[in-house]
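Asker:
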Amino acid sequence: PLISRFSEIKSPYALFIGTNYAPNIKGFLSLVGDDLSYLPSGTSIHTIGSCAELLQKHPAHQPSLRSGQITHHGKLSQAEVDSALLNADVILLPILSGGGTNLKTAEALAAGRQIIGTSHAFRGFEQWQGAPGVQLADKPDIFRNHLSKVLASPQMYPPMPQRNELCWSAALRPALEQTLGTIFRLT
3 PLISRFSEIK
13 SPYALFIGTN
23 YAPNIKGFLS
33 LVGDDLSYLP
43 SGTSIHTIGS
53 CAELLQKHPA
63 HQPSLRSGQI
73 THHGKLSQAE
83 VDSALLNADV
93 ILLPILSGGG
103 TNLKTAEALA
113 AGRQIIGTSH
123 AFRGFEQWQG
133 APGVQLADKP
143 DIFRNHLSKV
153 LASPQMYPPM
163 PQRNELCWSA
173 ALRPALEQTL
183 GTIFRLT
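Mapping of the sequence shown onto the numbering used here: position 7 corresponds to residue 9, and the numbering continues sequentially without gaps.
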(Lines of atoms letter the chains of each structure in order from A and count residues from 1; the text may use other names and numbers.)
(Lines give C-alpha, C1' and ligand atoms only; values in the text may rest on other atoms or scores of the structure.)
Protein backbone atom coordinates (compact mmCIF):
# COMPACT_ATOMS: atom_id res chain seq x y z
CA PRO A 1 0.00 0.00 0.00
CA LEU A 2 1.03 3.57 -0.66
CA ILE A 3 2.34 5.62 2.25
CA SER A 4 -0.08 8.40 3.17
CA ARG A 5 -2.32 9.54 5.99
CA PHE A 6 -4.45 6.47 5.26
CA SER A 7 -1.60 4.01 5.74
CA GLU A 8 -1.08 5.58 9.17
CA ILE A 9 -4.61 4.68 10.34
CA LYS A 10 -4.14 1.64 12.57
CA SER A 11 -7.76 0.80 13.36
CA PRO A 12 -10.31 -0.52 10.87
CA TYR A 13 -12.05 2.06 8.71
CA ALA A 14 -14.74 2.28 6.07
CA LEU A 15 -14.31 4.49 3.03
CA PHE A 16 -16.85 6.41 0.97
CA ILE A 17 -15.76 8.32 -2.13
CA GLY A 18 -18.24 10.54 -3.92
CA THR A 19 -19.06 13.84 -5.49
CA ASN A 20 -21.48 16.44 -4.20
CA TYR A 21 -24.26 14.73 -6.14
CA ALA A 22 -27.66 14.44 -4.46
CA PRO A 23 -27.96 10.61 -4.75
CA ASN A 24 -24.51 10.23 -3.12
CA ILE A 25 -25.41 12.46 -0.17
CA LYS A 26 -28.91 11.06 0.24
CA GLY A 27 -27.71 7.45 0.05
CA PHE A 28 -24.90 8.02 2.53
CA LEU A 29 -27.11 9.78 5.07
CA SER A 30 -29.93 7.28 4.66
CA LEU A 31 -27.90 4.08 4.86
CA VAL A 32 -25.01 5.08 7.14
CA GLY A 33 -27.35 7.14 9.29
CA ASP A 34 -27.11 9.98 11.74
CA ASP A 35 -26.23 8.04 14.89
CA LEU A 36 -22.96 6.18 14.41
CA SER A 37 -22.99 4.53 17.84
CA TYR A 38 -23.40 1.16 16.07
CA LEU A 39 -19.77 1.37 14.87
CA PRO A 40 -17.39 -0.81 16.89
CA SER A 41 -15.18 1.09 19.31
CA GLY A 42 -12.07 2.56 17.68
CA THR A 43 -13.34 2.18 14.11
CA SER A 44 -14.22 5.01 11.77
CA ILE A 45 -15.67 6.15 8.47
CA HIS A 46 -13.71 8.36 6.08
CA THR A 47 -15.20 10.28 3.16
CA ILE A 48 -13.32 11.65 0.17
CA GLY A 49 -14.50 13.95 -2.59
CA SER A 50 -16.74 16.96 -2.89
CA CYS A 51 -19.45 15.06 -0.98
CA ALA A 52 -17.42 15.81 2.14
CA GLU A 53 -18.23 19.51 1.89
CA LEU A 54 -21.93 18.87 2.55
CA LEU A 55 -21.47 15.92 4.88
CA GLN A 56 -19.08 17.99 7.04
CA LYS A 57 -21.98 20.34 7.82
CA HIS A 58 -24.53 17.64 8.64
CA PRO A 59 -25.71 18.60 12.17
CA ALA A 60 -26.32 15.05 13.39
CA HIS A 61 -22.72 14.03 12.59
CA GLN A 62 -21.07 16.77 14.66
CA PRO A 63 -20.56 14.53 17.75
CA SER A 64 -19.09 11.80 15.52
CA LEU A 65 -16.76 14.33 13.89
CA ARG A 66 -15.50 15.45 17.29
CA SER A 67 -14.98 11.86 18.48
CA GLY A 68 -13.17 10.79 15.30
CA GLN A 69 -15.82 8.25 14.28
CA ILE A 70 -16.14 10.07 10.98
CA THR A 71 -13.63 12.18 9.06
CA HIS A 72 -14.38 14.13 5.91
CA HIS A 73 -11.27 14.71 3.79
CA GLY A 74 -12.70 16.56 0.81
CA LYS A 75 -10.91 16.48 -2.54
CA LEU A 76 -7.54 14.71 -2.50
CA SER A 77 -4.83 13.85 -4.99
CA GLN A 78 -5.24 10.62 -6.96
CA ALA A 79 -2.29 9.13 -5.04
CA GLU A 80 -4.07 9.76 -1.74
CA VAL A 81 -7.35 8.35 -3.08
CA ASP A 82 -5.48 5.24 -4.23
CA SER A 83 -3.88 4.91 -0.81
CA ALA A 84 -7.25 5.29 0.90
CA LEU A 85 -8.72 2.55 -1.31
CA LEU A 86 -5.81 0.18 -0.74
CA ASN A 87 -5.76 0.70 3.03
CA ALA A 88 -9.52 0.70 3.69
CA ASP A 89 -11.06 -2.31 5.40
CA VAL A 90 -14.36 -1.81 3.61
CA ILE A 91 -15.57 0.43 0.80
CA LEU A 92 -19.09 1.81 0.99
CA LEU A 93 -21.35 2.18 -2.05
CA PRO A 94 -24.59 3.52 -0.50
CA ILE A 95 -26.27 4.59 -3.72
CA LEU A 96 -30.07 4.31 -3.77
CA SER A 97 -30.87 6.28 -6.93
CA GLY A 98 -29.38 8.18 -9.83
CA GLY A 99 -28.13 7.29 -13.25
CA GLY A 100 -24.38 7.73 -12.92
CA THR A 101 -21.74 5.55 -14.53
CA ASN A 102 -20.94 3.44 -11.45
CA LEU A 103 -17.21 3.97 -11.91
CA LYS A 104 -16.87 3.92 -8.12
CA THR A 105 -18.23 0.36 -8.15
CA ALA A 106 -15.54 -0.74 -10.61
CA GLU A 107 -12.93 1.11 -8.57
CA ALA A 108 -14.07 -0.58 -5.35
CA LEU A 109 -14.08 -4.03 -6.94
CA ALA A 110 -10.63 -3.51 -8.43
CA ALA A 111 -9.27 -2.50 -5.00
CA GLY A 112 -9.87 -5.99 -3.64
CA ARG A 113 -11.39 -4.79 -0.39
CA GLN A 114 -14.65 -5.74 1.24
CA ILE A 115 -17.59 -3.82 -0.17
CA ILE A 116 -20.99 -2.97 1.22
CA GLY A 117 -23.18 -1.60 -1.52
CA THR A 118 -26.71 -1.41 -2.77
CA SER A 119 -28.20 -3.28 -5.68
CA HIS A 120 -28.45 0.12 -7.43
CA ALA A 121 -24.69 0.67 -7.01
CA PHE A 122 -24.13 -2.67 -8.74
CA ARG A 123 -26.11 -1.83 -11.88
CA GLY A 124 -24.02 -3.21 -14.71
CA PHE A 125 -21.92 -5.23 -12.27
CA GLU A 126 -24.49 -7.88 -11.36
CA GLN A 127 -21.98 -10.69 -11.98
CA TRP A 128 -19.94 -9.35 -9.03
CA GLN A 129 -22.78 -9.33 -6.50
CA GLY A 130 -21.84 -12.76 -5.17
CA ALA A 131 -18.07 -12.20 -5.22
CA PRO A 132 -16.12 -12.84 -2.00
CA GLY A 133 -16.27 -9.77 0.22
CA VAL A 134 -19.23 -8.15 -1.55
CA GLN A 135 -22.35 -7.61 0.56
CA LEU A 136 -25.54 -6.04 -0.74
CA ALA A 137 -27.80 -4.01 1.50
CA ASP A 138 -30.63 -1.77 0.34
CA LYS A 139 -32.12 -1.10 3.78
CA PRO A 140 -30.50 1.04 6.47
CA ASP A 141 -30.63 -1.57 9.25
CA ILE A 142 -29.04 -4.25 7.05
CA PHE A 143 -26.40 -1.83 5.71
CA ARG A 144 -25.44 -0.75 9.25
CA ASN A 145 -25.39 -4.33 10.51
CA HIS A 146 -23.01 -5.36 7.70
CA LEU A 147 -20.83 -2.32 8.36
CA SER A 148 -20.62 -3.04 12.08
CA LYS A 149 -19.71 -6.69 11.49
CA VAL A 150 -17.10 -5.96 8.84
CA LEU A 151 -15.37 -3.30 10.95
CA ALA A 152 -15.43 -5.57 14.01
CA SER A 153 -13.66 -8.33 12.07
CA PRO A 154 -12.13 -7.02 8.84
CA GLN A 155 -10.79 -9.44 6.24
CA MET A 156 -8.77 -8.77 3.15
CA TYR A 157 -9.60 -10.55 -0.07
CA PRO A 158 -6.87 -11.28 -2.58
CA PRO A 159 -7.51 -9.64 -5.93
CA MET A 160 -9.33 -12.11 -8.14
CA PRO A 161 -7.94 -12.60 -11.65
CA GLN A 162 -11.25 -11.53 -13.20
CA ARG A 163 -10.91 -8.13 -11.48
CA ASN A 164 -8.54 -7.28 -14.32
CA GLU A 165 -11.67 -7.09 -16.48
CA LEU A 166 -12.51 -3.87 -14.62
CA CYS A 167 -9.38 -2.03 -15.80
CA TRP A 168 -9.54 0.40 -18.71
CA SER A 169 -7.11 -1.64 -20.79
CA ALA A 170 -9.45 -4.65 -20.69
CA ALA A 171 -12.58 -2.57 -21.19
CA LEU A 172 -11.14 -0.78 -24.22
CA ARG A 173 -9.39 -3.79 -25.78
CA PRO A 174 -12.25 -4.82 -28.12
CA ALA A 175 -12.71 -1.26 -29.42
CA LEU A 176 -8.96 -0.77 -29.95
CA GLU A 177 -8.59 -4.08 -31.75
CA GLN A 178 -11.59 -3.38 -33.97
CA THR A 179 -10.53 0.18 -34.74
CA LEU A 180 -6.76 -0.20 -35.02
CA GLY A 181 -6.56 -3.75 -36.31
CA THR A 182 -4.30 -6.62 -35.41
CA ILE A 183 -1.09 -4.59 -35.54
CA PHE A 184 -2.08 -2.88 -32.28
CA ARG A 185 -3.48 -5.94 -30.45
CA LEU A 186 -2.97 -5.75 -26.73
CA THR A 187 -1.59 -8.78 -24.95
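Glycine included, every Cβ here is placed at the ideal spot set by N, Cα and C. Quantities reported herein were computed from a predicted structural model and do not represent experimental measurements.
#1: Is it the case that the Cβ atoms of residue 91 and residue 16 are separated by a distance below 8 Å?
#2: Are the beta-carbon atoms of residue 39 and residue 70 separated by less than 8 Å?
#3: Cα separation between residue 100 and residue 77?
#4: Can you look up residue 144 in the DSSP assignment and give me helix, strand or coil?
#5: Which residue comes first and which comes last in the alpha helix (DSSP H) that contains residue 191?
#6: Going by other Cβ atoms of all chains shown within 10 Å of its Cβ, with 16 needed for buried, is residue 146 buried or exposed?
#7: Looking at C-alpha atoms only, which residue of 72, 37 and 41 is the closest neighbour of residue 193?
#8: Roughly how many angstroms lie between the CA atoms of residue 144 and residue 108, to the nearest whole one?
#9: Could you give the distance in angstroms between the alpha-carbon of residue 10 and the alpha-carbon of residue 61?
#10: Enumerate, from N- to C-terminal direction, the unbroken beta strand (DSSP E) stretches of 3 or more residues contained entirely within the segment 73-117.
#11: My understanding is that residue 20 touches residue 51, with C-beta atoms under 8 Å, so please give their C-beta distance in whole angstroms.
#12: Give the range of the alpha helix (DSSP H) segment to which residue 133 is assigned.
#13: Need the endpoints of the beta strand (DSSP E) that residue 123 sits in, please.
#14: Would you kindly work out how many angstroms separate the C-alpha atoms of residue 149 and residue 113, rounded to a whole number?
Answerer: Working from what's here:
#1: yes
#2: no
#3: Each residue's alpha carbon lies about 22 Å from the other.
#4: DSSP, reduced to helix, strand and coil, places residue 144 within a helical segment of the structure shown.
#5: In the structure as shown, the chain starts at 3 and stops at 189, and residue 191 therefore has no counterpart that could be examined.
#6: buried
#7: Shown here, the chain extends from 3 to 189; a query on residue 193 therefore has no answer.
#8: 22 Å
#9: 28 Å
#10: 92-95
#11: Between residue 51 and residue 20 the Cβ distance is about 5 Å, and since that is below 8 Å, they are a contact.
#12: Per DSSP, residue 133 belongs to no alpha helix (DSSP H) and is neither H nor E.
#13: In the DSSP annotation of this structure, residue 123 is not part of any beta strand (DSSP E), being labelled neither H nor E.
#14: So the alpha carbons of these two residues sit roughly 18 Å apart.
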